[in-house]
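A.B. asks: I have a structure I would like to understand better, so I am pasting it below and will then ask my questions one at a time.
Number of protein chains: 2
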Amino acid sequence: MDARSPSSSRQSPWLPFESRRRARDEKREAVLRTAVQLFLEQGYHRTTLNDVADRLNITKPALYNYFGGKDEILFECWAIGNERVDDCINEIAAGGGTGLAKLRKLIVSYAEVMTTDYGKSLVRFDVRDLTEHNRRVVNTAKRKIDRAFRDYIAEGIADGTIKPCDPKLSAFAIAGSLNWIGHWFQPGGPMTAEAIAEEFAIRLTAGIATTSTRKKADKPPGKIKTSREDRDEHHARTAPRAAGQSKRTRDRLR
Amino acid sequence: MDARSPSSSRQSPWLPFESRRRARDEKREAVLRTAVQLFLEQGYHRTTLNDVADRLNITKPALYNYFGGKDEILFECWAIGNERVDDCINEIAAGGGTGLAKLRKLIVSYAEVMTTDYGKSLVRFDVRDLTEHNRRVVNTAKRKIDRAFRDYIAEGIADGTIKPCDPKLSAFAIAGSLNWIGHWFQPGGPMTAEAIAEEFAIRLTAGIATTSTRKKADKPPGKIKTSREDRDEHHARTAPRAAGQSKRTRDRLR
DNA sequence: ACTATTTATTACCTATGGGTAATATATGTG
DNA sequence: CACATATATTACCCATAGGTAATAAATAGT
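Residue numbers (full-length UniProt numbering), protein chains in the order written: chain A, 1 to 254; chain B, 1 to 254.
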């Protein structure tokens, strides 16, 4: 759709040196999309802002129209991934179900997020590259996720769907398996993200569930999420910024 | 033992600027011990060679008497951790037992290594910081570890101690949980490394073992390792170098 | 004690890359 | 069309940190 310019290279809204329109947010997102790819490919420290700019057909200083610095770009990438996980947690919390059912939903959602670029950000990026402030934001968010796992396990133990166990340790074990997905998963492999997510939901709870195994009381007719329409990329978010905005240049604009 | 010098600061063989003797290898190891600590504390890229040297009461160029460069230090740290895991794998391979028993032994050993500094190196350091050559060495070693997990699972399925499942995916799930230990474990917590290792060995196999749960046919009287005498630090290794030796200065010496 | 070798130190060099200033080019508005 | 605004570009700056050269201080051997 939208066959406009003579140049054919997709992916960058800045066509080699011609028509440049499109909204600001769309460009912001293009920067993040490119940045997260490069950060994952080469690692944050080995990726220069010139690398990012080059791949977008612009120059380094242009990036500063959208971000205050390299670390802020890193933070925003992380923020998108976190937002996705956070949405899942909130949806699960809103819906009902047993502790085990909620835990499985969380595993499925979290596993799927882990197979996306922004999801990988959550486990492949180093918090210590962020500013003091953003680091705190990240740590708070991580605690929330950890809390969700532990709470659902505790709920499951309380309602009898999960065998008595140490919620903390079990949460670590489960989260570890899921986080690891962010390190090995590559689209195009033998299994789809959804298949892996489903499989993990069963496997990771097989040891602690009271109801022996395989599909049971989870998935009540009105399914909660699972489908996920906006596959990867794009995410709207025009207003909900305001979180990052670290140090440096930020006053001279606006 | 060995109350010699007036200065009391332990940890560094280079006492503030006085008696300097001791063998070369002991100093080499002191460098690695300090480096791995700093790399874990601050991250590889945020740690400068001056940081390492300072903590040892020496200056940066002195490090080059023992290592060819920063990345070589990183590699050696990794190598020590890998050596420990490799020893475990070889011992397990030498001993007998069912597939499940071997898998559990591997989980226990691997988990324990993951709680040490050098063990953490295996999962916290980025392979891309190494030279092409060393990167290949690391990748080969990682494949061997992955192989061990998969093979024992496959053996277990064959001998009936493990339920039919996809060895690859199960290995990823288990390894993920274990690798995650390297990210959250801190000595001094409520659980000891050994307790965590034992717990994980049970938990991570509970879902796939055929023999319902809890201790069973594992641990045949003649126990294999588990005790581990040389707790942390030190590791002898005087000869078995020769692996690293990347690019740069290496000719001018010797 | 004299010499050779090892192992430090001081003083540099230099590439890299994040960030900035000054300026140009679109874009859109009255 | 002129003017304001947003958004690029070119040309810099400069701190950092890995690495090296020249040299001094230990240590060992004879």
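Don't be surprised by glycine CBs; every beta carbon is placed ideally from N, CA and C.
(1) State yes or no: is the beta carbon of N82/A nearer than 9 angstroms to at least one beta carbon in chain B?
(2) Under 9 angstroms, Cβ to Cβ, is there at least one residue of chain A near D166/B?
(3) Could you name the residues of chain B that R128/A contacts, counting a contact when the two beta carbons are closer than 9 angstroms?
(4) Which residue from I157/A, I153/A and F149/A puts its Cα closest to that of L178/A?
(5) On the premise that G99/A lies in contact with E41/A, defined as a C-beta separation below 8 angstroms, what is that separation, rounded to the nearest angstrom?
(6) So, is the C-beta of A175/A closer than 9 angstroms to a C-beta in chain B?
(7) For the alpha helix (DSSP H) holding Y152/B, just list the boundary residues, first then last.
(8) Excluding sequence positions up to five away, which residues of its chain have a Cβ less than 6 angstroms from the Cβ of I73/B?
(9) What span of residues does the alpha helix (DSSP H) with L63/B cover, start to end?
(10) Express the C-alpha separation of R128/A and V85/A in angstroms, rounding to a whole number.
(11) Give every residue of the same chain whose Cβ lies closer than 7 angstroms to the Cβ of G119/B, excluding the five residues on either side of it in the sequence, and list them in chain order.
(12) For the alpha helix (DSSP H) containing residue 256/B, name the first residue and the last one.
(13) Using a Cβ-Cβ distance cut-off of 9 angstroms, determine whether R136/A contacts chain B.
(14) Taking all protein chains shown into account, do 16 or more other C-beta atoms lie within 10 angstroms of the C-beta of E26/A, making it buried, or fewer, making it exposed?
(15) Find the residues of chain B that neighbour L63/A, judging by a C-beta separation of less than 8 angstroms, and give them in chain order.
(16) Closest to T116/A by CA distance: which of T140/A, G188/A, L49/A and A175/A is it?
(17) Alpha carbon to alpha carbon, what distance is there between A23/A and W78/B?
(18) Out of K168/B, I162/B, D159/B and T161/B, which has the shortest C-alpha to C-alpha gap to R143/B?
(19) Drop a sphere of 10 angstroms on the beta-carbon of residue 279/A, count the other beta-carbons inside from all chains shown, and report buried for 16 or more, exposed for fewer.
(20) For E194/A, collect the residues of the same chain with a Cβ closer than 6 angstroms to its Cβ; drop the 5 residues on either side in sequence, then sort them by chain order.
(21) Counting only Cβ pairs nearer than 8 angstroms, list the residues of chain A close to A206/B.
(22) Would you tell me roughly how many angstroms separate the C-alpha atoms of I89/A and L106/A, rounded to the nearest one?
(23) Check whether chain A comes within 9 angstroms of I145/B, counting only Cβ atoms and requiring the distance to be less than that.
(24) In the DSSP assignment, find the alpha helix (DSSP H) that holds Y118/A and state where it starts and stops.
(25) Quick one: is K60/B buried, meaning 16 or more other Cβ sit within 10 Å of its Cβ, or exposed?
(26) Using three-state DSSP, classify I162/B as helix, strand or coil.
(27) If you count every other CB in all the chains shown that lies within 10 Å of the CB of A30/A, and 16 or more means buried, which is it?
(28) Drop a sphere of 10 angstroms on the beta-carbon of T47/A, count the other beta-carbons inside from all chains shown, and report buried for 16 or more, exposed for fewer.
(29) Would you please verify whether the beta carbon of A78/A is less than 9 angstroms from any beta carbon of chain B?
(30) Starting from the beta carbon of N179/A, find every residue of chain B whose beta carbon is closer than 9 angstroms, and list them in chain order.
(31) Hey, how far is the Cα of I162/B from the Cα of A101/B?
(32) Straight-line CA distance for R203/B to R28/A?
(33) Going by DSSP, what residue range makes up the alpha helix (DSSP H) through Q42/B?
(34) Cβ of L56/A less than 9 angstroms from any chain B Cβ?
C.D. replies: On the basis of the data shown:
(1) no
(2) Closer than 9 angstroms: yes.
(3) Q42, G43 and R46
(4) F149/A
(5) Between G99/A and E41/A the Cβ distance is about 39 angstroms, and since that is not below 8 angstroms, they are no contact.
(6) yes
(7) Per DSSP, Y152/B belongs to the alpha helix (DSSP H) from E132 to D159.
(8) A35 and F67
(9) Per DSSP, the unbroken alpha helix (DSSP H) holding L63/B starts and ends at K60 to L63.
(10) 21 angstroms
(11) Excluding residues within five positions, the ones whose Cβ falls inside 7 angstroms are G81, R84, V113 and G182.
(12) Absent from the model: residue 256/B. The displayed extent of chain B is 1 to 254, so no value can be given.
(13) no
(14) Its Cβ having fewer than 16 others within 10 Å, E26/A is exposed.
(15) Within 8 angstroms Cβ-Cβ: nothing; L63/A doesn't reach chain B, min ~21 angstroms.
(16) G188/A
(17) 47 angstroms
(18) K168/B
(19) In the structure displayed, chain A extends from 1 to 254; residue 279/A sits before or after that span and is not available.
(20) Around E194/A: no qualifying Cβ.
(21) A206, G207 and I208
(22) One C-alpha to the other measures close to 7 angstroms.
(23) Chain A contact via Cβ: absent.
(24) D117 to R124
(25) exposed
(26) strand
(27) buried
(28) buried
(29) Sequence inspection shows Trp at residue 78/A; the Ala mentioned does not correspond to that position. The C-beta of W78/A comes no closer than 9 angstroms to any C-beta of chain B.
(30) G176, N179, W180 and H183
(31) Rounded to the nearest angstrom, the two C-alpha atoms are 10 angstroms apart.
(32) 44 angstroms
(33) Where Q42/B is concerned, the enclosing alpha helix (DSSP H) stretches over R24 to Q42.
(34) At least 9 angstroms separates the CB of L56/A from every CB of chain B.
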